[in-house]
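Residue numbers for the sequence shown follow UniProt numbering, beginning at 1 and rising by one. Yeah, the Cβ is synthetic: ideal placement off N, Cα and C, and Gly gets one too. Just so we're clear, the structure is a prediction, and the values are computed from it rather than from any experiment. A short write-up of the structure that comes next.
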Amino acid sequence: MLTAFLQYPVSFGDPAANFRKIRDTVNLAQFDLLVMPELCTIGYFHDSREALFVHAESALDGPTAQFLLQLSADKNATLIAGIAERDGDHIYNTAIVVSRGRWLGKQRKCHLSRIEKRLFTPGDSLACFDDGICRFGILTCFDLWMPEAARLLVRQGAQLLCCPANYGGPWTTQLARIRAMENATPLICANRTGVEMYAGAEATFRGESQIVGPMGEVWTSATEETSLGLSIIDPAAHVLKANPMCDDLMEEASRYALSGPHPK
Numbered sequence: 001m002l003t004a005f006l007q008y009p010v011s012f013g014d015p016a017a018n019f020r021k022i023r024d025t026v027n028l029a030q031f032d033l034l035v036m037p038e039l040c041t042i043g044y045f046h047d048s049r050e051a052l053f054v055h056a057e058s059a060l061d062g063p064t065a066q067f068l069l070q071l072s073a074d075k076n077a078t079l080i081a082g083i084a085e086r087d088g089d090h091i092y093n094t095a096i097v098v099s100r101g102r103w104l105g106k107q108r109k110c111h112l113s114r115i116e117k118r119l120f121t122p123g124d125s126l127a128c129f130d131d132g133i134c135r136f137g138i139l140t141c142f143d144l145w146m147p148e149a150a151r152l153l154v155r156q157g158a159q160l161l162c163c164p165a166n167y168g169g170p171w172t173t174q175l176a177r178i179r180a181m182e183n184a185t186p187l188i189c190a191n192r193t194g195v196e197m198y199a200g201a202e203a204t205f206r207g208e209s210q211i212v213g214p215m216g217e218v219w220t221s222a223t224e225e226t227s228l229g230l231s232i233i234d235p236a237a238h239v240l241k242a243n244p245m246c247d248d249l250m251e252e253a254s255r256y257a258l259s260g261p262h263p264k
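Okay, here's the thing in structure tokens:
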């Protein structure tokens with residue numbers, strides 16, 4: 001399967017502009033699965049929960065879900081993209097998953113940064129998705145910092161890990177390679193670029209999106225402000241988790257107790 005990430009400077013608070021940017025960038029491209037950044041249609045640094053609530057939407061049939069459903073049908077592909085999901089009085093940092101015009105589900109971010117805890121409710125579970133070609137799990141940005149989260153998804157049978165992200169520091173870029181290697185599983189990290197204002201100063205998002213192989217090797221990475229990175233992955237080759245030192249990494253991992261996030 002041909003996998004991809006899409007990296008671009010998100011226009012803050014302007015979903016329509018970001019919809020155009022996404023569509024224009026992928027217009028002539030072909031892929032089977034595409035990962036886009038976290039909060040990729042509204043931006044990241046919202047001043048308050050009330051300000052963010054204006055942009056929050058239904059993960060099932062909100063404007064972003066409708067846009068992605070149509071785009072996934074047009075491209076005959078699976079799309080993963082981050083939104084602010086409104087559910088009653090709660091707002092979740094959520095990745096929507098759609099495939100070939102069908103809604104497959106959503107993954108709420110379980111681990112929130114200090115900034116995000118003012119705005120979002122954390123998710124309380126992690127589960128895999130299957131689009132008929134590949135079984136994959138989603139870790140949104142800071143979720144990637146928890147080794148247990150990635151291991152939980154891989155022990156559920158994930159053949160691929162997908163990471164929508166918004167980060168400016170260098171650490172997540174390195175962690176992506178580590179998570180892939182310690183789970184013998186390819187990983188796609190889609191980070192955004194651009195600048196936003198936070199606490200009166202400019203905050204820069206570094207990009208550096210990448211597709212990483214099961215030994216932590218970088219198969220493709222972003223080199224431009226707006227970039228569509230592509231790499232071929234064979235899901236069948238990543239059912240059994242093996243490396244040069246071990247024929248079945250998950251058999252070794254099963255010696256340790258593991259549980260998912262605890263509901264608050």
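Check	Outcome
Given residue 344, which residues of its chain have a CB within under 8 Å of its CB, disregarding the five upstream and five downstream residues?	This structure does not reach residue 344, given that the chain is present from 1 up to 264, and the question cannot be answered.
Hey, could you find the ends of the beta strand (DSSP E) residue 100 is sitting in?	It is not in any beta strand (DSSP E) - residue 100 carries neither H nor E in the DSSP assignment.
Quick check on the DSSP output: the beta strand (DSSP E) that includes residue 87 runs from which residue to which?	78–87
Determine contact between the segment 193–210 and the segment 37–45, defined as no fewer than three beta-carbon pairs at a distance below 8 Å.	yes
Whose CA, out of 155, 131, 84, lies closest to the CA of residue 140?	84
Since residue 103 and residue 34 are thought to touch, with beta carbons under 8 Å apart, how far apart are those beta carbons, to the nearest angstrom?	Going by Cβ atoms, the distance from residue 103 to residue 34 rounds to 16 Å, so no, they are not a contact pair.
On the DSSP bridge list, what partners appear for residue 231?	3
Given a cut-off of 8 Å on the beta-carbon distance, is the pair residue 230 and residue 25 in contact?	no
Taking 6 Å as the limit between beta carbons, can you name the residues of its chain near residue 146, skipping five residues before and five after?	111
Pick helix, strand or coil for residue 225, following the three-state DSSP scheme.	coil
If you run the structure through DSSP and keep just helix, strand and coil, what is residue 63?	helix
With a CB to CB cut of under 7 Å and the five nearest residues on each side skipped, what residues in its chain are close to residue 204?	168, 195
Determine, using beta-carbon pairs with one atom in the segment 5–18 and one in the segment 178–193, whether at least three such pairs fall under 8 Å.	yes
Please classify residue 27: does DSSP put it in a helix, a strand, or coil?	coil
For the alpha helix (DSSP H) containing residue 152, list its first residue and its last residue.	147–155
For the segment 135–211, which segments carrying the alpha helix (DSSP H) assignment without a break, of at least 4 residues, lie completely within its bounds, in sequence order?	147–155, 171–183
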